[in-house]
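Presented below is the structure to which this report refers.
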Amino acid sequence: AVVPPAAAQPPAPTTVAHRGASAYAPENTVAAFELANEQGADMFELDVQETKDHELVLMHDTTLARTTNVERLFPGLAPWRVGDLTLAQIRRLDAGSWFDAKYKGEPVPTLGETLRAMSASRLGLLLEIKAPGLYPGIETRVADELRRHPSWLGPGRLIVQSFDWNSMRTFRRVMPRVPIGLIGTPAIADLPGLARFADQINPPYNELTPEYVRRVHRHRMEVFTWTVDDPAMMRRVTSYRVDGIITNKPDLTP
Ligand code: G3P
Ligand code: CA
Numbered sequence: 018a019v020v021p022p023a024a025a026q027p028p029a030p031t032t033v034a035h036r037g038a039s040a041y042a043p044e045n046t047v048a049a050f051e052l053a054n055e056q057g058a059d060m061f062e063l064d065v066q067e068t069k070d071h072e073l074v075l076m077h078d079t080t081l082a083r084t085t086n087v088e089r090l091f092p093g094l095a096p097w098r099v100g101d102l103t104l105a106q107i108r109r110l111d112a113g114s115w116f117d118a119k120y121k122g123e124p125v126p127t128l129g130e131t132l133r134a135m136s137a138s139r140l141g142l143l144l145e146i147k148a149p150g151l152y153p154g155i156e157t158r159v160a161d162e163l164r165r166h167p168s169w170l171g172p173g174r175l176i177v178q179s180f181d182w183n184s185m186r187t188f189r190r191v192m193p194r195v196p197i198g199l200i201g202t203p204a205i206a207d208l209p210g211l212a213r214f215a216d217q218i219n220p221p222y223n224e225l226t227p228e229y230v231r232r233v234h235r236h237r238m239e240v241f242t243w244t245v246d247d248p249a250m251m252r253r254v255t256s257y258r259v260d261g262i263i264t265n266k267p268d269l270t271p
C-alpha cells in the first residue's frame with residue numbers, strides 16, 4: 018500500500034472530555050475531570066450555571082433532578098431549578114450516587130473549586146456558559162472568577178463557549194483575550210460576521226461535512242465537534258480535519 022506523506026495525514030485533533038470522562042464518572046464533577054486527565058485528554062468541558070445567590074456551579078441540565086438527590090432532600094422545591102437553590106443548599110447534594118454507588122457523596126462543584134482543583138493538571142478547559150438567558154450578568158461573574166485563577170488565562174488553556182451567541186459577544190467585550198466558541202452550525206454565509214468575535218464553530222458531528230470544516234477554516238476559526246463516542250466516527254471527523262473532538266470517552270480518541 019502507498020503510505021501518504023506525513024503532511025497529507027490529517028492532524029490529530031484535540032481531545033476534549035465532555036463534562037469530564039462522563040461515560041465512566043458522574044458528569045460535571047471533579048472526579049470526572051480527574052479521570053479525563055488520567056485517560057490522557059487534552060482538555061475538559063464543563064457547564065456553568067448560577068445559584069439563587071449568584072454563585073457559579075457546574076450543572077448541565079437547568080434543573081438538579083437528573084444528576085443529584087435534590088428531590089429527596091428538598092421535596093418542596095420542585096421543579097428544582099439551579100437558580101432556585103442557594104449554594105449552601107446545593108452543597109448538601111450528592112451528584113455521584115445517581116451514576117454509581119462508588120461515587121456517593123461527590124459534590125456539585127463550584128467553578129472556583131474546579132479551577133483550583135484542576136489547575137495543577139496539564140488539562141485545558143472548554144468552559145460552556147449554559148442557558149445564560151436565565152442568569153443576566155453571568156458573563157461578568159464568570160470573567161471575575163477566571164481572573165481570580167490566572168493560571169487558566171495563559172496561552173491556549175481556556176476557551177469559553179455557548180449555544181447563546183449573543184452571550185458570547187458579551188463575553189468577548191468583558192474578556193477580549195479569551196478565545197470564544199459558538200456551539201451550533203451557523204450558515205456558511207454568516208461565518209464572516211461571526212469570525213469578527215468568535216474563534217471556534219462547534220457543531221454536532223452529524224451536521225458536519227468536510228466542506229463545512231474547510232469553510233470555517235477559511236475564516237480562521239477552528240472546529241470542535243460533539244459528542245463523538247464511536248471510534249469509527251472519531252476517525253471520520255478526524256479525516257474532515259476538525260481541530261477538536263468532544264467526547265464522553267476520552268480514552269478512545271485516535
Ligand atoms: O461542548 C458541546 C456540548 O457540550 C454541547 O452540548 O448539551 O452537552 O452541553 P451539551
Ligand atoms: Ca456542554
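Read in UniProt numbering, the sequence shown has 229 at position 212, and its numbers run on one by one without any break. Heads up, the beta-carbon is just placed ideally off N, CA and C, and yes, glycines get one too.
For Phe241 and Val65, believed in contact at Cβ under 8 Å, the rounded distance
Val65 to Phe241, Cβ: 17 Å. No contact.
I need the DSSP call for Met60, collapsed to helix, strand or coil.
strand
Write down every uninterrupted run of the beta strand (DSSP E) in the segment 227-252 whose length is 3 residues or greater and which is fully enclosed by it, in chain order.
239-242
DSSP has Ser179 in a bridge; who is on the other side?
Leu199
Beta-carbon within less than 7 Å of Ser114's beta-carbon, same chain only, minus the 5 sequence neighbours each way: which residues are those?
Asn86, Tyr120 and Lys121
Using a threshold of 8 Å, state whether the C-beta atoms of Ser168 and Ser136 are closer than that.
yes
Mind checking Ile262: buried by the 16 CB within 10 Å criterion, or exposed?
buried
Stretch-stretch touch, CB-based, cutoff 8 Å, three pairs: the segment 70-87 with the segment 126-135
yes
Using the C-alpha atoms, what's the distance from Thr244 back to Ala118?
25 Å
Specify the secondary structure class of His154 as computed by DSSP and reduced to three states.
Sequence check: residue 154 is Gly here, not His. It is coil, neither helix nor strand.
Three-state secondary structure (DSSP) at residue 16?
Beyond the ends of the chain as shown, which are 18 and 271, falls residue 16; an answer cannot be given.
Considering only heavy atoms of ligand 1, does any lie closer than 7 Å to the CB of Leu143?
yes
Please report the distance separating the alpha-carbon of Thr187 from that of Glu156.
7 Å
Any heavy atom of ligand 2 closer than 7 Å to the beta-carbon of Glu62?
yes
Under the assumption that Leu199 contacts Val177 (Cβ atoms under 8 Å), give the Cβ distance between them as a whole number of angstroms.
With 8 Å as the limit, Leu199 and Val177 do not qualify as a contact, their Cβ atoms being about 11 Å apart.
Under 8 Å, with one C-beta from each stretch per pair, do the segment 94-105 and the segment 38-57 reach the 3-pair mark?
no
Cβ separation of Pro209 and Ser179, assumed to be a contact under 8 Å, to the nearest whole Å
Wrong, their Cβ atoms sit about 20 Å apart, outside the cutoff.
So what does DSSP say about Gly141, is it helix, strand or coil?
strand
Check for me: the beta strand (DSSP E) holding Val74 runs from which residue to which?
Leu73 to Leu75
In chain order, what residues of the same chain have a beta carbon less than 7 Å from the beta carbon of Pro30, not counting five sequence neighbours either side?
Thr255, Val259, Asp260, Gly261 and Ile262
So Val233 packs on Ile218, CB below 8 Å; how close in whole Å?
5 Å
Buried or exposed for Ile146, please, with buried defined as at least 16 other CB atoms from any protein chain shown within 10 angstroms of its CB.
buried
To which residues of the same chain is Tyr257 closer than 7 Å at the C-beta, ignoring the five residues directly before and after it?
Leu225, Pro227 and Val230
Is DSSP giving Val33 helix, strand or coil here?
strand
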